[in-house]
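Here the numbering used here is used: the first residue of the sequence shown is 29, the next is one more, and so on.
We put the beta carbon where it would ideally sit given N, CA and C, even for glycine.
In this text the structure is predicted, and so the values were computed from the model without any measurement.
Only one structure is covered here, and it is reproduced in the block below.
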Amino acid sequence: MGASAAACVFCEIVKGVRSAHVVLDAPDAVAFLDTRPLFKGHTLLVPRAHYETLVDLPSDLVGPFFGQAQRLAGAMESVLEAAGSFVAMNNRVSQSVPHLHVHVVPRNRKDGLRGFFWPRQKYESDAEAAGYAARLADAVREGP
């Protein structure tokens, strides 16, 4: 484990050392609600192992990792009744935590998201965040 992995917030969540509203807990990846969501249900998907960027992720893990992103995108539509989703990642530039992560965000027409101006929202309570996480987790477990 490199120095960056030793102090990584996302590695702490994966290990259960730091709390998070977990949506997906798979052998290869973990997904949890973003604490500063664009929209409620905004989820971050991370590989369990510490890789800083997509370039660092071994090629044999790319397909399974994005398969999990696909499952999350489907859950956004089926459970949150979103019209679609926004799936994105940053590599180094604008990457707030140096651990590979994919944003999966529920979207609806005229939701106010334009270009890269992303107004953040807050959950009214920890209980509301937990409710969103539970609904999405149930959908991911059930599959398409």
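CB of residue i within 9 Å of CB of residue j, strictly
{"i": "valine 133", "j": "valine 115", "result": "yes"}
{"i": "arginine 137", "j": "leucine 66", "result": "no"}
{"i": "phenylalanine 38", "j": "valine 90", "result": "no"}
{"i": "alanine 161", "j": "valine 51", "result": "yes"}
{"i": "alanine 110", "j": "glycine 159", "result": "no"}
Beta-ladder partner(s) of residue i, from DSSP
{"i": "proline 75", "result": "Ala57"}
{"i": "arginine 135", "result": "Gly112"}
Residue nearest to residue i in terms of C-alpha spacing, selected from the options
{"i": "alanine 83", "options": "Pro126, Arg135, Asp53, Phe60", "result": "The question names alanine, yet the displayed sequence has valine at residue 83. Per the Cα distances, Pro126."}
{"i": "valine 93", "options": "His131, Lys68, Ile41", "result": "Reading the sequence as shown, one finds phenylalanine at residue 93 and not valine. Among His131, Lys68, Ile41, the Cα nearest to that of phenylalanine 93 belongs to His131."}
{"i": "serine 113", "options": "Leu72, Arg76, Pro55, Leu128", "result": "Leu72"}
{"i": "threonine 81", "options": "Arg135, Tyr151, Asp139, Ser124", "result": "Ser124"}
{"i": "histidine 129", "options": "Asp88, Ser47, Ala77, Gly140", "result": "Ala77"}
{"i": "alanine 155", "options": "Ile41, Val168, Cys36, His49", "result": "His49"}
{"i": "lysine 150", "options": "Asp53, Leu85, Val42, Leu61", "result": "Leu61"}
Beta-carbon proximity list for residue i, same chain, < 7 Å, skipping 5 on both sides
{"i": "alanine 101", "result": "Ser113, Val115, Val132"}
{"i": "glutamate 139", "result": "According to the sequence as given, residue 139 is aspartate; it is not glutamate. Taken in chain order, the residues that qualify are Phe67."}
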